[in-house]
Amino acid sequence: LDWDHVAAPDEAEVYSTEQGVKAAQRKEAGPGGGGGEDACGVAPLPAGDRFDLLLASDVVYSLSHARQLPAVLERAAAPSRALACLMVPVRSEAHTRRFLDELAAVGFRVRLARVSARWVEAVVAVQLERER
2 LDWDHVAAPD
12 EAEVYSTEQG
22 VKAAQRKEAG
32 PGGGGGEDAC
42 GVAPLPAGDR
52 FDLLLASDVV
62 YSLSHARQLP
72 AVLERAAAPS
82 RALACLMVPV
92 RSEAHTRRFL
102 DELAAVGFRV
112 RLARVSARWV
122 EAVVAVQLER
132 ER
């Protein structure tokens with residue numbers, strides 16, 4: 002789900018570096034934008050598709066994202082109320098709080114789990130060991 006295309010954009014909001022890259026790719030593709038596909042040749046999902054499982058990682062970069070993403074997730078969730086697993090680094094406590102509040106407002110039950118620095122170090126150590 003390329004959510005920045007289905008969100009109601011705030012004026013002058015720059016979503017992310019990724020969106021700037023995508024805009025440059027569309028411009029380079031010229032009129033028609035490459036046949037409706039992204040740079041990897043993947044067509045966007047049909048409007049109205051709903052999912053039982055929603056995964057998102059590192060998606061809240063601004064207050065606009067905190068306001069917009071919950072509505073996008075609500076529209077993408079299966080009517081049986083999908084499971085949404087989200088990893089959200091806390092860049093701004095206010096943005097994260099707003100995001101969690103907005104999730105609850107659209108009907109998601111919010112449960113939090115915090116990851117300690119020690120846990121991250123342990124995971125990284127395992128990955129480094131696997132690479133040896």
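Per our numbering, the sequence shown starts with residue 2, numbered consecutively.
Here a beta-carbon is modelled for each residue, glycine too, at the ideal position from N, C-alpha and C.
Opening and closing residue of the alpha helix (DSSP H) in which residue i lies
| i | result |
| --- | --- |
| residue 65 | 64-77 |
| residue 95 | 94-106 |
| residue 84 | First-last for residue 84: 84-88, but that is the beta strand (DSSP E), not the alpha helix (DSSP H). |
| residue 118 | 118-132 |
Check whether residue i and residue j have beta carbons under 7 Å apart
| i | j | result |
| --- | --- | --- |
| residue 71 | residue 113 | no |
| residue 89 | residue 61 | yes |
| residue 87 | residue 57 | yes |
| residue 99 | residue 67 | yes |
Same chain, Cβ closer than 7 Å to residue i, five either side skipped, listed in chain order
| i | result |
| --- | --- |
| residue 115 | none |
Residue environment, residue i, which counts as buried when at least 16 other CB atoms sit within 10 Å
| i | result |
| --- | --- |
| residue 117 | exposed |
| residue 55 | buried |
| residue 73 | buried |
| residue 85 | buried |
Extent of the continuous beta strand (DSSP E) run through residue i
| i | result |
| --- | --- |
| residue 55 | 54-58 |
Own chain residues within Cβ distance below 6 Å of residue i, not counting five before or after
| i | result |
| --- | --- |
| residue 129 | none |
Practice problem: Determine contact between the stretch 87-101 and the stretch 119-127, defined as no fewer than three beta-carbon pairs at a distance below 8 Å. | Solution: no
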